[in-house]
Amino acid sequence: MTNLLERIKNTVMADINHLLDKKEDKNPLALLNQYVRECEKETDKVKKLLERQYKLKEEFSKELHQAEEMAEKRKRQAEVASKAGEEELSAYAQQEQAHFEERVVRLAESLKNTEQQLHEIETKYMDMKHKLKDMKIRQMELMAKENITKAHHTMNKVLEEKQVNPTNQARFSEMEQYIDKLEEKINTEYFKQTMDEKLAALEKNQLKKEDDSISL
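Residue numbers for the sequence shown follow our numbering, beginning at 20 and rising by one.
What follows is the structure in structure tokens.
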């Protein structure tokens, strides 16, 4: 398991900057996206190993506790049988006690090794998670740069075509003239509508004053 973890860690902890600085024809962002996906898979593998190691630790602890209880139980039974003169039962209990005590030693050692391995996996797993997070941040940074580059490229292309290409320049001029005419039309209609509303309100007020005068 140690060799496997070392191989996984060496794969994931490789210097990402070295990968991106390679003079290749491929898109650096595409390379990074692929690398991030691979690292996510490797991180998931370590996560599963970590979960399995936790389960093994629990099982070793459970078995150790049971073995200790049985060793103590057989020791007590051997003493009781010896006092009762039951040598055969006492011998059997002592034999069982020795067996369980050996198991306790073996399980205690296994539990210790498992806990050490668990600590190693936890440390490497956290390193991998941090490295993966750093790569995702780098991924977002490259995506932002790529978007800005594309936006500038598109805008420069449009502006250059407007300045260089007579056809496009004429088309832009027509569009600008249309927008100017549309704005003028909207302003005229707005002014007309506003004046109509003012005249209607004035007429309404005048009629009201005349009605009030007649009623008086």
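Where is the CB? At the ideal position from N, CA and C, for every residue including glycine.
The structure presented is a predicted model; accordingly, all values stated were derived computationally and were not measured.
task: Report buried or exposed for L83, applying the criterion of at least 16 other Cβ atoms within 10 angstroms of its Cβ.
output: buried
task: From the DSSP output, in three-state form, read off A220 for me.
output: helix
field: Given A110 as reference, the closest of T207, H118 and A97 once Cα atoms are compared
entry: A97
Simplified DSSP assignment, three categories, for A103: coil
task: Output the distance between the C-alpha atoms of M194 and I167, rounded to the nearest integer angstrom.
output: 27 Å
Whether M154 touches Y73 by CB criterion (8 Å): no
task: Could you name each continuous beta strand (DSSP E) segment of 3 residues or more that falls completely within the region 126-171, going from the start of the chain to the end?
output: none
message: On the CB-based measure, 16 or more other CB atoms within 10 Å of its CB, does F79 come out buried or exposed?
response: buried
query: Quick one, are the C-beta atoms of K76 and L126 less than 8 Å apart?
result: no
- prompt: Going by beta carbon distance, what residues of the same chain come within less than 8 Å of S101, once the five residues before and after it are set aside?
  reply: S109
query: R95 to Q116, Cα distance in whole Å?
result: 9 Å
Through-space distance from R71 to E43, alpha-carbon basis: In this prediction, E43 scores a pLDDT of 44, lower than 50, which makes its location untrustworthy; no coordinate-derived value is stated.
field: Cβ shell of F86 (< 7 Å), same chain only, five flanking positions each side left out
entry: Note that residue 86 is Ala in the sequence shown, not Phe. Closer than 7 Å at the Cβ level, and outside the excluded window around A86, lie F119, R122, V123 and L126.
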